[in-house]
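A.B. asks:
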Amino acid sequence: MDRDTSALTAAQRRHVRTARAMTVYSVCATPVIVVLWPLAEMAQTHGNGNPLWPQTVSLVLLLASCACMGPLIAARMRGEGVPDPRLYAASVLLAWTGALFLREETYMVCALASWLSVMTHLHRGARYPAVLGAATGLLPWIAWPFLHPDSPFAALLFVWLVGALLWGLFYLGCAVSFRLWDIVREAFSAQEAKARLAVAVERLRFTRDLQDLLGQDLNVLAVRAARAGRNVSRDPEQARAEAAEVHALARDALRRIRTAVSGYRELELAGEVRSVTAVLAAGGVRTSVAGLADLDPSPAEASLAAWTVREGGARLLRHGTAAHCRISFSRDPATGRAVVELSGDRARPGADPEPGGADGFADRVRREGGALTAGRTPEGGLLLRVRLPLDGSPSPAGEAR
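Just so we're aligned, residue 1 is where the sequence shown starts under the UniProt record's numbering, counting upward by one.
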């Protein structure tokens, strides 16, 4: 999932980081428990006055085994089904050897059970974890005649059953953690796929609409232009008439294209306010809206106000750390201009108040005859203010374009 997070919003990236941290902490708690067993035996052995070198060797080997598990856990969280065989084999051999240095059957079995509960989740297949589990379960019985010949069979069986129960509990805990992580990863992947599909569908629809708008006109233009070309030498007057018709058809086609593109760019103000409010809420930002019901904007004002809300919300998510955002709509009583403001109560240190990356938006505001202001609030947050003309009429520069 790491390769996909660049396409997520800041709020979504925070959710992904939180889910990853929760999974890592819960899963890595088990390897920590693995190294507690040699420490416990070390404390017991020290109290009895016996040498500590077997427990020390066991501790070092089990620590090395857990260190090999770290990259394997990271690979499992990235969705890799097959772990690195070298790290996997190293962890197995180190854990088995380290457990055999423990002198108490209880500590040996519990260390193996704790370690195995994680290792069986690091391979997506069923065969290798099953073989590993069976071999690890047989290890105490194979070592029994050599390391613990004085222990009765019943005692070892009881300890082995306790270890199996411990493995089951740790296994379920790791299974829940990994499954929750998989659900989060798949959910965000599905969300991104849905967004990409929506973009593809919209592009296809725009292509069909463009074909409907221009297909017939282009055919007529081609026929008329060819006819005008043939009449240039034979009938200049007719050729000029044909050229005038071609020019008129081209202007009409251009007008319809501009109308269609303008329609695609129009946004519904109330719907955009609801959408931006929901996005900010998902990022942990409370939003208050003032003056929308009393604005009564013209269609041009409503469209540009909606774009202002969208741009301001995106800037707050990218550069802000605000806990509260305010979206306000008003009219300047002196000029009659509609005024749209978005502000946050906090911003990331060093965040540029200028709308970087929004050149297209600023250009549209100027073409519509508006004025864009970006700065800081008294609290240090980001502020975006757009003043629109009362009737939404474009500026002379916009007409020239």
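No residue lacks a Cβ here, since even glycine has one placed at the ideal position from N, Cα and C. Owing to the predicted nature of the structure, the values given are computational and were not obtained by experimental measurement.
Quick one: what does DSSP say G70 is sitting in, helix, strand or coil?
C.D. replies: Along the sequence shown, one-based indexing puts residue 70 at 70. DSSP places G70 in helix when its eight states are reduced to three.
A.B. asks: Output needed for R385: all residues of its chain with C-beta closer than 6 angstroms, excluding positions within five of it in sequence on either side, in chain order.
C.D. replies: Translated into positions along the sequence shown, residue 385 becomes position 385. So the qualifying residues of the chain are E341 and T373.
A.B. asks: Here's the rule: buried if 16 or more other CB atoms are within 10 angstroms of the residue's CB, otherwise exposed. What is S288?
C.D. replies: Counting from 1 along the sequence shown, the entry for residue 288 is found at position 288. Looking at its Cβ environment, which holds fewer than 16 other Cβ atoms inside 10 Å, S288 is exposed.
A.B. asks: Exposed or buried, which one is Y107 when buried takes at least 16 other CB atoms within 10 Å?
C.D. replies: By one-based count along the sequence shown, residue 107 stands at place 107. Buried: at least 16 other Cβ atoms inside 10 Å.
A.B. asks: On a Cα-Cα basis, can you pick out the residue from A126, D209, L122 and G98 that is closest to L87?
C.D. replies: Here the question's residue 87 lines up with position 87 in the sequence shown. When only C-alpha atoms are compared, the closest one is L122.
A.B. asks: L62 and A19: beta carbons closer than 8 angstroms?
C.D. replies: Working through the sequence shown from its first residue, we reach residue 62 at position 62. Working through the sequence shown from its first residue, we reach residue 19 at position 19. No, the Cβ-Cβ distance between L62 and A19 is not below 8 angstroms.
A.B. asks: Out of G79, G168, A143 and M77, point me to the one whose CA is closest to S114's CA.
C.D. replies: Counting from one through the sequence shown, the residue named residue 114 turns up at place 114. With distances taken between Cα atoms, S114 lies closest to G168.
A.B. asks: Using 8 angstroms for Cβ pairs, my map puts E242 next to R224. What's the rounded Cβ distance?
C.D. replies: On the sequence shown, residue 242 is found 242 positions in, with the first residue counted as 1. On the sequence shown, residue 224 is found 224 positions in, with the first residue counted as 1. That belief holds up - the Cβ atoms of E242 and R224 are roughly 5 angstroms apart, short of 8 angstroms.
A.B. asks: In terms of alpha-carbon separation, which member of V159, R331, A314 and R234 lies closest to V109?
C.D. replies: Position 109 of the sequence shown, counting from 1, holds the residue named residue 109. Answer by Cα proximity: V159.
A.B. asks: Going by Cα to Cα distance, which pick from A155, E368 and M77 is closest to T308?
C.D. replies: One-based indexing of the sequence shown puts residue 308 at position 308. It is E368 whose Cα lies nearest to the Cα of T308.
A.B. asks: Count the other CB atoms within 10 Å of the CB of A397; is the residue buried (16 or more) or exposed (fewer)?
C.D. replies: Locating residue 397 in the sequence shown gives position 397, counting from the first residue. At A397, the pLDDT of 41 sits below 50, so the modelled position is not reliable and the matter cannot be decided from this model.
A.B. asks: Can you give me the C-alpha to C-alpha distance between A134 and T277, rounded to a whole angstrom?
C.D. replies: Here residue 134 refers to the residue found at position 134 when the sequence shown is read from its first residue. Here residue 277 refers to the residue found at position 277 when the sequence shown is read from its first residue. Their backbone Cα atoms lie some 55 angstroms apart in a straight line.
A.B. asks: Quick check on DSSP: helix, strand or coil for A165?
C.D. replies: Taking the first residue of the sequence shown as 1, we reach residue 165 at position 165. Per the sequence shown, the amino acid found at residue 165 is Leu instead of Ala. Looking at L165 - three-state DSSP - the assignment turns out to be helix.
A.B. asks: Under a Cβ-count criterion, where at least 16 other Cβ atoms within 10 Å of its own Cβ denotes burial, should R256 be classed as buried or exposed?
C.D. replies: Here residue 256 corresponds to residue number 256 of the sequence shown, with the count starting at 1. By the neighbour-count rule (16 or more Cβ atoms within 10 Å), R256 is not buried but exposed.
A.B. asks: Less than 8 angstroms between the C-beta atoms of M119 and L100, yes or no?
C.D. replies: Here residue 119 is taken as the residue at index 119 of the sequence shown, counted from 1. Here residue 100 is taken as the residue at index 100 of the sequence shown, counted from 1. Against a cut-off of 8 angstroms, the Cβ pair of L100 and M119 comes out as no contact.
A.B. asks: Using three-state DSSP, classify T277 as helix, strand or coil.
C.D. replies: Against the sequence shown, residue 277 aligns to sequence position 277. Helix.
A.B. asks: Output the residue ranges of the alpha helix (DSSP H) runs that lie fully inside the stretch 282 to 348 and measure 4 residues or longer, sorted by chain position.
C.D. replies: Counting whole runs of 4 or more residues, the stretch 282 to 348 contains the alpha helix (DSSP H) stretches 292 to 295 and 299 to 319.
A.B. asks: Using 8 angstroms as the threshold, is the C-beta distance between G313 and V279 below it?
C.D. replies: One-based indexing of the sequence shown puts residue 313 at position 313. One-based indexing of the sequence shown puts residue 279 at position 279. Cβ atoms of G313 and V279: closer than 8 angstroms.
A.B. asks: Please classify S189 as buried or exposed, where buried requires at least 16 other C-beta atoms within 10 Å of its C-beta.
C.D. replies: Your numbering for residue 189 matches position 189 in the sequence shown. So S189 ends up on the exposed side.
A.B. asks: Under three-state DSSP, which class holds R376?
C.D. replies: Residue mapping note: residue 376 aligns to position 376 of the sequence shown, counting from 1. Looking at R376 - three-state DSSP - the assignment turns out to be strand.
A.B. asks: Short check: CB of L269 to CB of A305, under 8 angstroms?
C.D. replies: For the purposes of this step, residue 269 is identified with residue 269 of the sequence shown, where counting begins at 1. For the purposes of this step, residue 305 is identified with residue 305 of the sequence shown, where counting begins at 1. Contact flag set, yes.
A.B. asks: Tell me whether G47 counts as near the ligand GDP, meaning its Cβ is closer than 7 angstroms to at least one heavy atom of that ligand.
C.D. replies: No copy of the ligand GDP appears in this structure; indeed no ligand is present at all.
A.B. asks: Using CA atoms only, rank isn't needed, just tell me which of E379, G344 and R310 is closest to A362.
C.D. replies: Stepping through the sequence shown from its first residue, residue 362 is reached at position 362. Checked all of E379, G344 and R310; the closest Cα to A362 is R310.
A.B. asks: Which partner residues of V386 appear in the DSSP bridge assignment?
C.D. replies: Counting from one through the sequence shown, the residue named residue 386 turns up at place 386. The partner list for V386 (beta bridge, DSSP) reads V340 and L372.
A.B. asks: Let me know the secondary structure DSSP gives G125 once reduced to three states.
C.D. replies: As a working mapping, residue 125 is identified with position 125 in the sequence shown. Coil, per DSSP.
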